[in-house]
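J.: Just passing along the structure, written as structure tokens.
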Amino acid sequence: MLTNASVRSAIGLCLLAGTAQAEIVASFGFTDLMGIYDSGTDKITVTGQSIASGDFTRNGDGTALFNSGLLSGAGDASFFLEMSVENVDAGAMTADGSGSIRIVDADGDMFRGNFSGSWLGTAFGFTFASTTGVDFEFDSSNGDGLFNGTTGGSFTSFADGDFFTGAVSLLFLQPSRANFFQTSFEAINTQADGIILPAPGAAGLALAGLGVAGIRRRRR
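Shown next, in the form of structure tokens:
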């Protein structure tokens, strides 16, 4: 698995010149999530499942670890992403998407955000990258003010109500290349990654084409 320092370094190369690595406040990555697309509603949901794992690091502070078997789709210690898929071009294998993401720690502290971006079909699956800054917010109203992992690690809270920007990416390895959002599917092996940046930097970011998911690896 790549270190969080390596992740921040790789992601930093995808940002506009002038957006320094030091501006990255936090990064996260989750593997073996469950991705489900419903062609009737044109919605994708991505949730934790029994084999999912990941980590959430605050730069210079600490890492919250989410080990397999302890990350659910709802409630405490959860990962949940929902997205509407629009403007699907099955021939070009492109589409647009917008939605929300929520990551909850072991005792109820939460990061949540809204995003929009673009899908691209590839030879190995589908990728999504946010093309505008994600509006992230930290909420500790149901927690203890620390962001804790399920089996160890934590970092001190951000202030409630503080806003951040950043990027989110997804990688689906399972869906058939020939089925680009034409019918419903389940992608058992779904990967989600992201970075969090100070909100004032939002106007200076160019996040189109950000391929964050490809640089994370499964925890061993």
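This note's numbering puts the sequence shown at residues 52 to 271.
Where a beta carbon is used, it is the ideal one built from N, C-alpha and C, also for glycine.
(1) If I measure Cβ to Cβ from Ala68 and keep anything under 6 angstroms in the same chain, skipping five residues before and after, which residues do I get?
(2) Would you tell me roughly how many angstroms separate the C-alpha atoms of Ala115 and Val139, rounded to the nearest one?
(3) Please report how far the alpha carbon of Phe177 lies from the alpha carbon of Gly150, in whole angstroms.
(4) Could you round the C-beta distance between Asn118 and Val76 to whole angstroms and report it? I think they count as a contact, below 8 angstroms.
(5) Determine the DSSP secondary structure at Ala157, reduced to helix, strand or coil.
(6) Assign Ala174 to one of three DSSP states: helix, strand, or coil.
(7) In this structure, does DSSP put Ala210 in helix, strand or coil?
(8) Which first and last residues belong to the beta strand (DSSP E) in which Thr201 is found?
(9) With distances taken Cα to Cα, identify the nearest neighbour of Phe179 among Phe187, Met134 and Phe236.
(10) According to DSSP, is Ala77 part of a helix, a strand, or is it coil?
(11) Would you mind reading off the limits of the beta strand (DSSP E) that contains Gln242?
(12) Mind reading off the beta-carbon distance from Phe79 to Gly245? Whole number of angstroms is fine, and I expect it under 8 angstroms.
(13) Note the first and the last residue of the continuous beta strand (DSSP E) segment covering Asn138.
T.: To lay it out plainly:
(1) Legend: pLDDT at Ala68 = 33, less than 50; position of this residue unreliable, no value from coordinates given.
(2) Between Ala115 and Val139, the C-alpha separation is close to 36 angstroms.
(3) Gly150 has its alpha-carbon roughly 17 angstroms from the corresponding atom of Phe177.
(4) In fact, because the Cβ distance is near 24 angstroms, the residues do not count as touching under 8 angstroms.
(5) Secondary structure of Ala157 (DSSP, three-state): coil.
(6) DSSP places Ala174 in coil when its eight states are reduced to three.
(7) Ala210: coil per DSSP, three-state reduction.
(8) No beta strand (DSSP E) contains Thr201, which DSSP labels as neither H nor E.
(9) Of the candidates Phe187, Met134 and Phe236, the one whose C-alpha sits nearest the C-alpha of Phe179 is Met134.
(10) In the three-state scheme derived from DSSP, where H, G and I count as helix and E and B as strand, Ala77 is classed as strand.
(11) Per DSSP, Gln242 is one residue of the beta strand (DSSP E) stretching across Phe236 to Pro249.
(12) Between Gly245 and Phe79 the Cβ distance is about 5 angstroms, and since that is below 8 angstroms, they are a contact.
(13) Per DSSP, the continuous beta strand (DSSP E) segment holding Asn138 begins and ends at Ser129 to Asp140.
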